[in-house]
Structure formats: structure tokens, C-alpha cells
Amino acid sequence: MNTVDSSTLLRQVWSFWGGTDWALEPPDTIEFATLRTWLDQRLRQAWTYYAWPEVLAVERRYYRPFWATMGPILDEAGSPILDTNGEYMLEPEVYDAGDEVFYPATDKYYVCLANGTVTRPADADGVLRTNWAELADNYLADPWTPSTAYDVRDRVLNPDNDQVYECIVAHTSALEAIGFEAVYWGLLTPFRRYVAWEQIYEQPIGEPLGVFDKDPRQYGRLTSFPFVRTQEGVEVHSVVSKVWLKWRLRCPRLTGAPYSATREYAAREQCYFERADGRGDWYACWLPTAAGWSPETNPANWSVLEIPARFEDFLLKGCLASAHAADKEWMRATEQERHALAFLDDQVGQLMDEDDTDRRSEVCAR
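Start counting at 1 in the sequence shown, then tack on 344, and there's your number in this note's numbering.
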């Protein structure tokens, strides 16, 4: 992706608004925060204005994590912990009741029925292993009855909550269903086919734009699946084991203050840093740093927040409009706003013309 340095935008806006050269008289803390706010707001405006190719992603996704013998160690926030080399720290994977996984050998999804399970969900031929059940949209079972002999894999309906359970230890039921003890029963959860907004080892999903059976970048004839946005993720309303998802990447938020060589940075903190060549950008801390570990001296600890070069003219005009509005110069602000939006519209028109040309070329090639 072609990008524009954040410093290019900041200095031009500061030259207009502050009336001085950045190198001779840079903005103070409050002025820098104002410039950052304007740029952040305009970047989000441009980002969501159209399905720009620079901000789109297409990937094949599954609804649940793959079953594995080793899994990442998570912090208190549920995020994977990285070692000093930026690699995921792993530990033996142990599954508890209610955990749901995808098993590639059978191309199916399974729910764990008991805590402390380490076995795979099924054999390659699909035969279920102990303490696992295949996920389904719904389950049928007769109501639980007292003083009844139940074998492993028997299913019953709990009349108190209308949920279906599967027997994991053969036993004879008591006179009363006392909470459906976990030592005897595992809950069968109805399968919801959704791609979580954030999945371990995958980049987070922004705004979903389409769900397909094949890669839309390679195939012209696609099956588009209906979907809805839910709290958990992108829920697919078709019975398929995997999908190709197209979405708009999350717009980077510009929140960091200028880099300080005297402080340590924690993971996910931000800073604005100017390199030795004089160009600067916002950076997100990837791995915790010691004092003096800058994006230039320790690049493995940082990732740059990229701004598409396509947005440069809009961001400049939009920030100038914000500057005029801050100074209560409403007519000038309105004029700059109109110029900024006209630039975005022109960019959209160019992309649509390119798409039409590509489609005509495909037709001629056939």
C-alpha cells in the first residue's frame, strides 16, 4: 500500500494554522493534541467513505479455533502473550466443558462436554472421542426421568431449562435432577455460525462487506451468504463449514503523544515518532519496551500506523476546514469542506471507471 507520512500532513496543517515552520517552532502539547484530533477525525471520515482497495481485506475464516495440542497463553484481558522475540507463548491445550472447536480432519465442529479434556474430538473417520459431541443447530431428546439407567451418549432434555444434555458417565438417575451434575452430563450448546470480531492468530475484523463461498478476488461467479452483525461477530445464515469474508480493516486511531526516550512503553500503547530522516508517523507498541527503545532503534517492538496516500489531499483540506472552524471562520471552513469531499468523490469516480474497464476486459477475453 502506498502511504503518506503523518509528518507531511502535520507540518502542512501546522504551517497554515500555527503560521510557523515546524522545525523552528513546533506545536506545544495542547496544539499537537489538537492537530492529532483533527487528523484522527478526518482519517476515520475518509476510511469509511468508500470501499477503498487499500483498506479492504479478504480471508478464509472459520467459526471456531482449530483443535490443537498446544495453545497460546493468554493475559488477563484474553490476549495472547508474546515472548521477547515476538512469538506466541504456548502451553498444552486443555479443553473444558462448553469449549467449541473446528477439527480439520473431519471438517466439522465439536463441543467439549467435560473439563480437563485433552483428546482430539474424533478419529479421522469421524468416530467421536470421549467427552466430545458434534455441534448442531438443535438437538432432539426425550425428557429426563428419575431412576433410569443412562449410558454414555444418551441424551435427555432438562425440563427446567429446555436444554439438551449428553451422558458422559453411565449411571442410574436419582429421584430428582439435581442440577444435572457435570460428572454425569455435558451440555449440548446449539451451534451458532459466526466469525468472531477478534480471533487468535488473525487480524481483527472491521466492517463486514460480504460473505462468500470462494475468494472474491479470484472468482467472478460466487455464492453470497446472508449474514448479520452480532455482539460476538459476523453470523452466517447458511450451513457451511467455512467462508470467505470481505471486510473493511479497522481504521487506526491516532492517540499517541510525541515519543519520550525516558519512559517505558507497554504493549498497545502509542507514540508519534520522527525518524532520523525527519519523517514521522504514529507507532503502536507491539512488545513492551525499556526506556530509549524507539521505533528506530528497536523496530521489532513497534508497528507503524499506515495512512493511505490516496487520502492525502482530503486529509489536508479536511484538517484546514477544521482549523477554519476552530477560528470561527465559517465560510472558509465550508469552502474547504466542499473541496475535501469533492476530492473523495473524484477518487470514487476513478475507481468505478477502473472497475468498469476491468469488467469490459474480462468480457472481451471470454
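For glycine and all other residues, C-beta sits at the position ideal for the given N, C-alpha and C.
Item to complete: Out of PRO570, GLY460, ALA449, VAL455, state which residue places its alpha-carbon closest to the alpha-carbon of VAL438.
Response: Checked all of PRO570, GLY460, ALA449, VAL455; the closest Cα to VAL438 is GLY460.
Worksheet item: So, is TYR603 buried or exposed, given that buried needs 16 or more other C-beta atoms within 10 angstroms?
Response: Answer is buried; the Cβ neighbour count reaches 16.
Discussion item. Within a Cβ cutoff of 8 Å, which residues of the same chain sit near PRO632, ignoring the five residues on either side of it in sequence?
Written reply: Sequence-distant Cβ neighbours of PRO632 in its own chain, meaning closer than 8 Å and more than five residues away, are GLU608, TYR609, ALA610, ALA611, ASN645.
Practice prompt. Decide if SER638 is buried, meaning its Cβ has at least 16 other Cβ atoms within 10 Å, or exposed.
Written response: So SER638 counts as buried.
Discussion item. For a minimum of 3 consecutive residues, which ranges assigned as the beta strand (DSSP E) are wholly contained in the stretch 403-436?
Written reply: Taken in chain order, the whole beta strand (DSSP E) runs of length 3 or more contained in the stretch 403-436 are 414-416, 434-436.
Practice prompt. Could you pull the start and end residues of the beta strand (DSSP E) that SER647 belongs to?
Written response: Judged by DSSP secondary structure, SER647 falls within the beta strand (DSSP E) whose first and last residues are 646-648.
Worksheet item: Which residue's Cα is closest to the Cα of ASN346: ARG676, ARG654, THR599, LYS672?
Response: Closest option to ASN346, judged by alpha-carbon separation, among ARG676, ARG654, THR599, LYS672: ARG654.
Worksheet item: Of the choices VAL402, MET696, PHE687, whose alpha-carbon is the least far from that of ASP557?
Response: Out of VAL402, MET696, PHE687, VAL402 has the C-alpha closest to the C-alpha of ASP557.
Worksheet item: Based on the DSSP secondary-structure assignment, which residues constitute the bridge partners of CYS456?
Response: Within the DSSP secondary-structure output, CYS456 pairs in a beta bridge with TRP476.
Discussion item. Please classify ALA628 as buried or exposed, where buried requires at least 16 neighbouring CB atoms within 10 angstroms.
Written reply: Buried, by the Cβ-count rule.
Worksheet item: With burial defined as no fewer than 16 other Cβ atoms inside 10 Å of the residue's Cβ, what is the status of LEU598: buried or exposed?
Response: Counting Cβ neighbours within 10 Å, LEU598 comes out buried, since at least 16 surround it.
Discussion item. Does the structure place the stretch 654-668 close enough to the stretch 683-702 that three or more beta carbon pairs sit under 8 Å?
Written reply: As far as the Cβ criterion goes, the stretch 683-702 touches the stretch 654-668, which means the pair count is three or higher.
Worksheet item: So what does DSSP say about GLU398, is it helix, strand or coil?
Response: DSSP places GLU398 within a helical segment (H, G or I) once states are collapsed to three.
Worksheet item: Among TRP588, PRO548, ARG573, GLN543, which has the Cα closest to the Cα of TYR563?
Response: Proximity to TYR563 across TRP588, PRO548, ARG573, GLN543 peaks at TRP588, based on C-alpha coordinates.
Fill in: C-beta atoms of ILE544 and PRO370 nearer than 8 Å
Not closer than 8 Å, so no.
Item to complete: Ignoring anything shorter than 3 residues or poking outside the stretch 531-564, list the beta strand (DSSP E) runs there in chain order.
Response: Unbroken beta strand (DSSP E) runs of no fewer than 3 residues, entirely contained in the stretch 531-564, are found at 538-540, 551-556, following chain order.
Practice prompt. State the Cα-Cα distance for the pair ARG536 and VAL584, rounded to the nearest angstrom.
Written response: Straight-line measurement puts the Cα of VAL584 at about 11 Å from the Cα of ARG536.
Worksheet item: Any chance the stretch 528-535 sits against the stretch 501-513, with 3 or more Cβ pairs inside 8 Å?
Response: Cβ pair count under 8 Å is three or more, so yes.
Practice prompt. Indicate whether SER568 and VAL580 have their beta-carbon atoms separated by less than 8 Å.
Written response: Not closer than 8 Å, so no.
Discussion item. With a threshold of 6 Å on Cβ separation, who are the neighbours of ARG499 within its own chain once the five nearest residues in sequence on each side are excluded?
Written reply: Leaving aside the five residues that flank ARG499 on each side, the residues in its chain whose CB is nearer than 6 Å to its CB run, in chain order, ALA485, VAL508, GLU510.
Worksheet entry | the stretch 663-681 touching the stretch 388-396, judged by at least three CB pairs closer than 8 Å | Cβ pair count under 8 Å is below three, so no.
Discussion item. Measuring alpha carbon to alpha carbon, tell me which residue in GLY622, ALA670, ASP559, GLU673 is nearest ARG404.
Written reply: Nearest to ARG404 by alpha-carbon distance, out of GLY622, ALA670, ASP559, GLU673, is ASP559.
Worksheet entry | Residue span of the alpha helix (DSSP H) that contains VAL357, given as start and end | Segment 350-361, the alpha helix (DSSP H) holding VAL357.
Fill in: Pair within 8 Å by beta-carbon distance, LEU319 and ARG592
Only positions 345 to 710 of the chain appear in the structure, and residue 319 is not among them; the question remains open.
Worksheet item: Between ALA367, LEU353, LEU368, ASP495, which lies nearest to TRP382 when the distance is taken from Cα to Cα?
Response: Ranking ALA367, LEU353, LEU368, ASP495 by Cα distance to TRP382 puts LEU353 first.
Practice prompt. Could you tell me which of CYS663, PRO548, THR450, ARG408 sits nearest to CYS595, measuring between CA atoms?
Written response: When only C-alpha atoms are compared, the closest one is PRO548.
Practice prompt. Measure the CB-CB distance between GLY624 and ALA605 and report whether it falls below 8 Å.
Written response: No. Outside cutoff.
Practice prompt. Note the first and the last residue of the continuous alpha helix (DSSP H) segment covering CYS595.
Written response: For CYS595, no alpha helix (DSSP H) run applies, since DSSP gives it neither H nor E.
Worksheet item: Between VAL539 and VAL455, what straight-line distance do the alpha-carbon atoms span, to the nearest angstrom?
Response: The alpha-carbon atoms of VAL539 and VAL455 are separated by roughly 16 Å.
Worksheet item: Is ASN475 near ALA458, with beta carbons less than 8 Å apart?
Response: Contact: yes.
Worksheet item: What number of angstroms, rounded off, separates the C-alpha of CYS615 from the C-alpha of VAL471?
Response: In this structure, the alpha-carbon of CYS615 lies about 53 Å from that of VAL471.
Discussion item. What does the alpha-carbon distance come out to for the pair PRO643 and ASP469?
Written reply: The alpha-carbon separation between PRO643 and ASP469 amounts to approximately 47 Å.
Worksheet item: Quick one: Cα of ILE512 to Cα of PRO570, how far?
Response: Approximately 36 Å between the Cα atoms of the pair.
Practice prompt. Can you grab the Cα-Cα spacing for the pair ASP702 / VAL399, in whole Å?
Written response: Annotation note: pLDDT 49 at ASP702 (below 50); position unreliable, no value reported.
Worksheet item: Should TRP674 go down as buried or exposed, given a rule of 16 or more other Cβ atoms within 10 Å for buried?
Response: Exposed is the call here.
Item to complete: Give the C-beta separation of VAL357 and LEU685 to the nearest angstrom, bearing in mind that I take them to be a contact with Cβ-Cβ under 8 Å.
Response: Wrong, their Cβ atoms sit about 18 Å apart, outside the cutoff.
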